[in-house]
Amino acid sequence: MQFFNSMSRGKEAFAPIEQGHVRMYTCGPTVYNFAHIGNFRAYTFEDILRRVLAFNGCAVTQVMNLTDVDDKTIRGAAAAGVPLKDFTAPFVAAFYDDLKTLNILPAEVYPAATDHVAEMIALVQRLFDKGLAYQSEDGSVYFSVAKFQGYGKLAHLDPKDLRMGARVADDEYEKEGYGDFALWKAWEASDGDVVWDSPWGRGRPGWHLECSAMAMKYLGDTFDIHTGGIDNLFPHHENEVAQTEGATGRPFVNLWMHCAHLRVNGEKMSKSLGNFYTLRDLLGKGYTGREIRYVLINGHYRQPLNFTFDALEAARSSLARIDECVDALTEEVRKFESSKVLKLGGATEWAESCKREFAKAVNDDLNIPEAFAALFALVRESNSALHRGVLKPEEAKAVLELFDEVDAVLGVVRFGRIAQGDAIPADIVALVEARAAARAAKQWAESDRLRDELAAKGWEVRDAKDGQKVKRM
Ligand code: AMP
Ligand code: ZN
Numbered sequence: 146m147q148f149f150n151s152m153s154r155g156k157e158a159f160a161p162i163e164q165g166h167v168r169m170y171t172c173g174p175t176v177y178n179f180a181h182i183g184n185f186r187a188y189t190f191e192d193i194l195r196r197v198l199a200f201n202g203c204a205v206t207q208v209m210n211l212t213d214v215d216d217k218t219i220r221g222a223a224a225a226g227v228p229l230k231d232f233t234a235p236f237v238a239a240f241y242d243d244l245k246t247l248n249i250l251p252a253e254v255y256p257a258a259t260d261h262v263a264e265m266i267a268l269v270q271r272l273f274d275k276g277l278a279y280q281s282e283d284g285s286v287y288f289s290v291a292k293f294q295g296y297g298k299l300a301h302l303d304p305k306d307l308r309m310g311a312r313v314a315d316d317e318y319e320k321e322g323y324g325d326f327a328l329w330k331a332w333e334a335s336d337g338d339v340v341w342d343s344p345w346g347r348g349r350p351g352w353h354l355e356c357s358a359m360a361m362k363y364l365g366d367t368f369d370i371h372t373g374g375i376d377n378l379f380p381h382h383e384n385e386v387a388q389t390e391g392a393t394g395r396p397f398v399n400l401w402m403h404c405a406h407l408r409v410n411g412e413k414m415s416k417s418l419g420n421f422y423t424l425r426d427l428l429g430k431g432y433t434g435r436e437i438r439y440v441l442i443n444g445h446y447r448q449p450l451n452f453t454f455d456a457l458e459a460a461r462s463s464l465a466r467i468d469e470c471v472d473a474l475t476e477e478v479r480k481f482e483s484s485k486v487l488k489l490g491g492a493t494e495w496a497e498s499c500k501r502e503f504a505k506a507v508n509d510d511l512n513i514p515e516a517f518a519a520l521f522a523l524v525r526e527s528n529s530a531l532h533r534g535v536l537k538p539e540e541a542k543a544v545l546e547l548f549d550e551v552d553a554v555l556g557v558v559r560f561g562r563i564a565q566g567d568a569i570p571a572d573i574v575a576l577v578e579a580r581a582a583a584r585a586a587k588q589w590a591e592s593d594r595l596r597d598e599l600a601a602k603g604w605e606v607r608d609a610k611d612g613q614k615v616k617r618m
């Protein structure tokens, strides 16, 4: 695998610190509203990344934080006149629902900032001890950028732009004229009851501090990959590097990956510009999570992607082409399964070659457009072989398994179909049928063994009056 590292600005061969196990941190949502599909471009990119790592045999520990205290959530709670937690809770729940709708695999940990304030305070204390933090007259604590050697190495900042002695209290600000940033913000009337005690008086953590503290807690001082949208690179990720490396004296992250923006008419899709669609908006217009996922992943993650309804329509017809092919292959396998036991054969040479092309594409910095090209080559070749009647049933079965392998990365082929109950993989059907035969012959031990085998493959079987019912666990 090789990936583009935003720090070095080049592609690098990737190997995790611990062989076979990748630790990654993903900047999660600020839960002050429903996430829009621009945000989901970032989360689907990260989902593809973790699936590609798994495709290459790696276990993945992904941490995605929930920013549930910052300038925006506090403003939102105040405007709604409710406590902060009550304001953010429904958006957290909606976020998890949206992830499922888009077939985004769950992270291993979703730490909320408000549950980790003690860790944040401890990190600020370490920065004080190293002489990198100071308290200003207004009571807030700042990171002293000029005292940290290496500030600007991620965003490639020009030291000439540093405004010596200047301080920025806001979480977000521009590169030009950067200065010391807030670690701990002294309480202000507008914060209401959002406040914690600290050695520097009452206040609340800055946004950048939150991610450093939670990443270090769950992934250690140094870990493999840190991701986000490109707008996170500065100041957010630059400040994370400064805070963590300032405290530990060790490298923070080996590989920084950022996705380009989802755009609308050439502009970044964002809440502040008002040019956004939430996932719910699009579902309301009759598009499915599967179609939306297809659009979001079908571009190179480092290239801006323009959102259009035409793209959603094109996704719909592309998916229909894939579905027809998979259905025809499934049908071919079923015809034979009813009459004789199929031995799994090897896939044909063209299918193997599509798989090689697919692996090459995803392992080269997540080239999903090329991966789709390999998938459609598989569709074309399958259709042609079926049409000519030259595909042996065991080959059809092997090609179907290949679709499954490819889909472990893309998550659009089978997704949505199994949920509707219309496509149970052929090997699962075969096991269920074998179990029916065992039960008819009163071979209870064999029936139980087959149930266990199905469970090991992630399928639950239930015996009902009218036969066996099978569903994904
Ligand atoms: P936020 O909730 O604003 O902190 O953003 C959550 C994630 O979405 C971050 O990784 C952002 O970089 C990313 N993001 C925000 N807008 C876009 C966009 N238009 N395209 C791609 N990613 C975005
Ligand atoms: Zn973050």
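Residue numbers (my numbering): 146 to 618. Heads up, the beta-carbon is just placed ideally off N, CA and C, and yes, glycines get one too. Since the structure is predicted, the reported quantities are computational estimates derived from the model, not experimental observations.
In the structure shown, Y318 adopts coil according to DSSP, grouped into three states. Per DSSP, W604 is one residue of the beta strand (DSSP E) stretching across 604-609. DSSP places V205 within a strand segment (E or B) once states are collapsed to three. In the DSSP assignment, R395 falls outside any beta strand (DSSP E), carrying neither H nor E.
About 21 Å separates the Cβ atoms of T206 and L247, ruling out a contact at the 8 Å cut-off. Between the C-alpha atoms of L536 and L244 there is a straight-line separation of about 38 Å. The ligand AMP has no heavy atom closer than 7 Å to the beta-carbon of R425. When the beta-carbon positions are compared, L211 and Y255 come within less than 8 Å of each other.
Under the DSSP definition of a beta bridge, Y287 partners with Y279, A327.
Taken through DSSP and simplified to helix, strand or coil, W332 comes out as coil. Taking 4 residues as the minimum length, the alpha helix (DSSP H) runs contained wholly in the stretch 159-245 are 182-200, 216-225, in order along the chain.
Here the alpha carbons of A311 and D242 stand approximately 42 Å from one another. Ranked by Cα distance from M359, the first of A579, A263, V313, D303 is A263. In this structure, F326 is the residue among F326, E333, T372 with its C-alpha nearest to the C-alpha of H353. Going by DSSP, V409 is part of the beta strand (DSSP E) stretching over 407-409.
With contact defined as three or more Cβ pairs closer than 8 Å, the stretch 178-186 and the stretch 409-417 are in contact.
Collapsing the DSSP output to three states places E253 in coil.
Of the heavy atoms belonging to the ligand ZN, none sits nearer than 7 Å to the Cβ of H261. Around the Cβ of Q388, a 10 Å sphere holds 16 or more other Cβ atoms; the residue is buried. The three-state secondary structure of L450, taken from DSSP, is strand. When rounded, the separation of the alpha-carbon atoms in K275 and L328 is 14 Å.
For a cut-off of 8 Å, the C-beta gap from V208 to A252 is around 6 Å, short enough to register as a contact.
L531 and L523 have their C-alpha atoms some 12 Å from each other. If you measure from each CB to the nearest heavy atom of the ligand ZN, the residues under 5 Å come out as C172, C356. In this structure, M402 sits near S151, with a CB-CB distance shorter than 8 Å. In the three-state scheme derived from DSSP, where H, G and I count as helix and E and B as strand, G310 is classed as coil. A direct Cα-to-Cα measurement between T218 and A314 gives close to 16 Å.
The nearest non-hydrogen atom of the ligand AMP is 7 Å or more from the C-beta of P256. At a cut-off of 7 Å, the beta-carbon of T453 does not count as near the ligand AMP: no heavy atom of the ligand is closer than that.
Inclusion of D376 in the 7 Å shell around the ligand AMP follows from its C-beta lying nearer than that to a non-hydrogen atom of the ligand. For Q147, the uninterrupted beta strand (DSSP E) segment begins and ends at 147-150. With a cut-off of 8 Å on Cβ pairs, the stretch 514-529 is not in contact with the stretch 566-586, counting fewer than three such pairs.
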